[in-house]
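Encoded as structure tokens, the structure appears first; notes follow it.
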Amino acid sequence: MTTYNLATLLEDSATTYPDRTAVVLGESRLTYAQLNSFSNMVANLLVSRGIGPGDKVALSCPNLPYFTVVYFGILKAGGTVVPLNVLLKGREVAYHLGDSDAKAYFCFEGTPELAMGEAGHAGFQQADGCEHFFVITAALDGASPIEGVETMAQAMGTQSAEFETVATDEDDTAVILYTSGTTGQPKGAELRHRNMRDNALSGEALFGANTERPDTYLCVLPLFHSFGQTVIQNGAFAYGGTVVMLPRFEAHAALALMAKEQVTFFAGVPTMYWGLLGALDESVDVKALAANLRVAAAGGSALPVEVHKDFEKKFGVTILEGYGLSETSPVASFSPYGEPVRVGSIGVPIPGVEMELLQPDSWETVPDGPDEIGEIAIKGHNIMKGYYNRPEATAEVIHDGWFRSGDLGRRDEDGWYYIVDRSKDMIIRGGFNVYPREIEEFLMTHPAVSLAAVIGVPHESHGEEIKAVLILNAGAEVTEDEIVAWAKEEMAGYKYPRIVEFVDALPMTSTGKILKRELS
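The numbering of the sequence shown is this note's numbering, which starts it at 129 and goes up by one.
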């Protein structure tokens, strides 16, 4: 029987390239054969505890080989993976376990700075219906850090390394990814096996992936997020590549790993690229890094034009910018590999996917024209099944196969798309629509400005006023009034920021997106 099980991405490479290195963490390396065997042991463990096809199994783990081992073990058993953000507290863990109907939960023990195991176990104890808790310890032979709780290593100890993967249908749910919950409680996007497989297998068309010339991927994007899962982990395994894991992004450490492991593929969110550029000093051999680097991909949020230009100048590699959401598995569009990049564009729809621009309050499209702005809608093999147990929320965003993204964009005469802003981030000042990204891009052209975030703040007469929160370049000196005066000279009266604040750092999510809701 033909199976669409996402786990076959790992199994096929383990069969064809058993001795190739699949995962690297520090000095540790796992071959495809070893990784597949460990995942088989997890699958056998789950079956022995009564976990069967369609059952949900949650996983909290940073970028460590344990994540990948458990992820594919769940899939092999026919289960559905529910990856959880590693920063969740006990109460939040309990919500996700209950909302997803998880029957089992694997949770990394954590570190002194991030007590994941304690928070995870507290959430497990509060959740109804979750029957099994396994704590993942850094040392495989280590004692359980939580009294009376079984470690994953202990549970796997007697399990066989052989397992026949459960056959699944292409429409069965492989993964439930939870949205950030910026508009209420987080919702679980149900992604089918074919959603995830087809997205991972698009690597050849999008990036020139080749099994005979496998890439080495630096994994700095969180694996619990769709970008890291699909583009890095699953995308690498689909073509026999190697995943070099970095549990927590730190620019200097990332540059060192890129050099040591001769990384050919880097994917990150814009703030990571900004961080890499800021970490360059005399100790970094940029020419050597550039000689190895074949692909640089960006997504997650809009890439500032100045960062795009600076990276290409320093590394000699053009960043391919793309676009997608958890609900789209995630890739929906990308700058075509091998074609000249249009800086500021998210490219064109990937093969098998369509995109349109919709009116704000209907499913009607906006008129054609490079200046027309509409909400981006997506249709194709990558669209989720729906939000788990939320038919009304699903109906709000999916109609006739089209998914409303909540992002505002425009399309040029050649069909390339450009993100204008999140519809929820748009500022309305005195009746005029103001798009923060446009202002952020402009502010970052000032020689003193390193990074910018623009928000709307309440105003008695205008409804909202425009505020810019800025990080300055090291050693730069400029006043708030000087920034305002400079922007006033260069921007329309309704656009330029009247309020400016300088900060040392901006609040960010675990995936590197700026948390504008925490700015005021």
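Beta carbons: idealized from backbone N, C-alpha and C, even for Gly.
The alpha helix (DSSP H) runs of length 4 or more contained entirely in the region 499–563 are, from start to end of the chain, 519–525. Just so you know, the alpha carbons of Glu278 and Ala576 end up roughly 54 angstroms apart.
At the C-beta level, Gly368 and Asp343 stay beyond 7 angstroms of one another.
Here Ala317 is bridged, per DSSP, to Leu305, Tyr515. Exposure of Thr493 is indicated by the presence of fewer than 16 other C-beta atoms within 10 angstroms of its C-beta.
For Leu486, the uninterrupted beta strand (DSSP E) run begins and ends at 481–486, by DSSP. Per the C-alpha coordinates, the member of Thr159, Ala295, Leu203 positioned closest to Val185 is Leu203.
If you compare the alpha carbons of Ser490, Pro488, Tyr345 with that of Ala424, the shortest gap goes to Tyr345. Going by beta carbons, Met324 and Leu453 fall outside the 7 angstroms limit. Around the C-beta of Ile556, fewer than 16 other C-beta atoms lie within 10 Å, and the residue is accordingly described as exposed.
Non-local beta-carbon contacts of Pro625 in its own chain, meaning distances under 7 angstroms to residues more than five positions away in sequence, involve Ile567, Val582, Ile594, Lys595, Ala596, Val612, Ala615 in chain order.
Inside the region 388–468, DSSP marks whole alpha helix (DSSP H) runs of 4 or more residues at positions 398–407, 414–420, 433–443, from first to last along the chain. Bridge partners of Tyr233 according to DSSP: Ala186, Phe261. Beta-bridge pairing by DSSP links Tyr345 to Val371, Phe393. It is roughly 6 angstroms from the alpha-carbon of Cys347 to the alpha-carbon of Ile360. Here Val372 really is in contact with Leu385; their C-beta atoms are around 6 angstroms apart, less than 8 angstroms. Nearest to Phe394 by alpha-carbon distance, out of Ala364, Lys415, Gly406, is Ala364. When rounded, the separation of the alpha-carbon atoms in Asn420 and Gln390 is 6 angstroms.
Under DSSP, Thr159 forms a beta bridge with Thr149.
Here Ala255 has Ala222, Leu225, Gly226 as same chain residues with Cβ atoms under 7 angstroms from its own Cβ, once five neighbours each way along the sequence are excluded. Put simply, of Leu173, Gly428, Lys552 the residue whose alpha carbon is nearest the alpha carbon of Thr358 is Gly428.
Straight-line measurement puts the Cα of Ile642 at about 15 angstroms from the Cα of Gly584. Within a 10 Å sphere around the beta-carbon of Lys388 sit fewer than 16 other beta-carbons, which makes this residue exposed. If you look at Pro193, you'll find it in the alpha helix (DSSP H) that goes 193–204.
In the structure shown, Gly276 falls within a coil segment according to DSSP collapsed to helix, strand and coil. Per DSSP, the continuous alpha helix (DSSP H) segment holding Lys616 begins and ends at 608–618. The secondary-structure analysis by DSSP pairs Ala596 across a beta bridge with Val582, Val628. Just so you know, the alpha carbons of Leu536 and Arg550 end up roughly 6 angstroms apart. Cα atoms of Arg532 and Glu220: separation of roughly 27 angstroms, rounded to the nearest angstrom.
Look at the beta carbons and you see the region 192–210 touching the region 150–158: at least three pairs across the two are nearer than 8 angstroms. If you draw a straight line from the Cα of Pro488 to the Cα of Glu503, it is about 6 angstroms long. His574 carries a coil assignment under DSSP once its states are collapsed to helix, strand and coil.
Taking each of Ala633, Asn338, Tyr132 in turn and checking the Cα distance to Thr296, the smallest one comes out for Tyr132.
Taken through DSSP and simplified to helix, strand or coil, His249 comes out as helix. Here DSSP, grouped into helix, strand and coil, assigns Gly270 to coil.
Between Met619 and Pro432, the gap from beta carbon to beta carbon reaches 7 angstroms or more.
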